[in-house]
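Okay, so the sequence shown: first residue is 202 according to this note's numbering, each after it adds one.
Just so you know, even glycine gets a beta-carbon here, dropped at the ideal spot from N, CA and C.
Okay, so here's the structure we're looking at.
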Amino acid sequence: MRKKKEKSKEVKNQNASIRGKSTLLSIAGALLSPTTGTVMIDGDNTADLSTRKITELRLKKIGFVFQAANLIPYLKVSDQLQVINVIAKNKTKSQQEKGKELLQHFGLVHRINNYPNELSGGERQRVAIARALINDPKIIFADEPTASLDSKRGREVVEMLAEEIKTRGKSGIMVTHDERVLDLCDRVVTIRDGKLEE
């Protein structure tokens with residue numbers, strides 16, 4: 202009986218820690234508002250911005266990669282990237298070309314007319330990374346990007362993400378409990394009992 206209680210407490214603590222990390226990322230990415238403190242993105246204090254300006258900030262300066270690729274099931278791969286451009290009212294021929302270049306870069310050209318359910322988990326995450334890069338954001342937030350993948354595919358996805366961030370001169374923040382990919386990070390910070398520890 203005691204073992205069951207201890208195990209239940211351990212699972213609760215892990216879940217609270219994961220929620221804490223994801224909440225931190227959501228606040229940093231202007232998806233949630235902080236109750237205290239200040240979030241600065243490219244010189245802008247998010248607390249001082251109107252809803253319209255925050256939406257604009259997310260569209261133009263932030264890219265998100267979530268643990269589930271969050272692809273739209275009824276859109277082909279080629280259209281997944283253009284969704285961001287449509288929302289940003291930036292659907293130009295050059296942006297469509299950029300979308301094709303990104304898909305080629307990620308080895309997905311042969312999948313351009315496929316739907317998400319026809320892709321492997323790793324392919325879906327590569328589409329999600331390409332989508333996060335389509336508007337050339339200044340910062341990429343990745344929330345548990347390896348969660349739905351096996352260790353080999355998870356490693357490949359994080360390697361790809363780290364390479365893109367470095368070669369394109371971006372900043373990147375990743376939330377993960379997968380310690381096997383920590384060597385790919387420049388800096389590792391742990392949330393313990395609600396506090397950040399390096």
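Apart from the five residues just before and just after residue i, which ones in its own chain have a Cβ nearer than 6 Å to its Cβ?
i, result
"Asp243", "Lys262, Lys339"
"Lys371", "Ile341"
"Gly221", "Ile392"
Does the CB of residue i have a neighbour CB from chain C at under 8 Å?
i, result
"Ser223", "No chain C is present in this structure, which holds just one protein chain."
Give every residue of the same chain whose Cβ lies closer than 8 Å to the Cβ of residue i, excluding the five residues on either side of it in the sequence, and list them in chain order.
i, result
"Ala248", "Ser234, Pro235, Thr239, Val240"
Could you tell me how far apart the beta carbons of residue i and residue j are, in whole angstroms, since I believe they sit closer than 8 Å?
i, j, result
"Leu260", "Ile288", "6 Å"
"Leu225", "Ile341", "Contact flag wrong, Cβ pair sits at about 15 Å."
"Ala269", "Ser349", "6 Å"
"Ile374", "Ala229", "6 Å"
"Ala329", "Asn271", "7 Å"
Quick check on residue i: does DSSP put it in helix, strand or coil?
i, result
"Glu398", "strand"
"Asp286", "The sequence as given places Asn at residue 286; Asp does not occur at that position. Reduced to three states, the DSSP call for Asn286 is helix."
"Ser372", "strand"
"Thr391", "strand"
"Ile263", "strand"
"Ile273", "coil"
"Asp379", "coil"
Smallest Cα separation from residue i: which of the options?
i, options, result
"Gly322", "Val358, Gln297, Leu397", "Val358"
"Gln281", "Lys367, Gly373, Arg332", "Arg332"
"Thr377", "Val266, Leu232, Arg253", "Val266"
"Gln296", "Leu276, Phe307, Asn336", "Asn336"
"Thr347", "Lys294, Leu320, Asp379", "Asp379"
Does residue i pass the burial test, meaning 16 or more other C-beta atoms within 10 Å, or should it be called exposed?
i, result
"Leu383", "exposed"
"Arg253", "exposed"
"Leu309", "buried"
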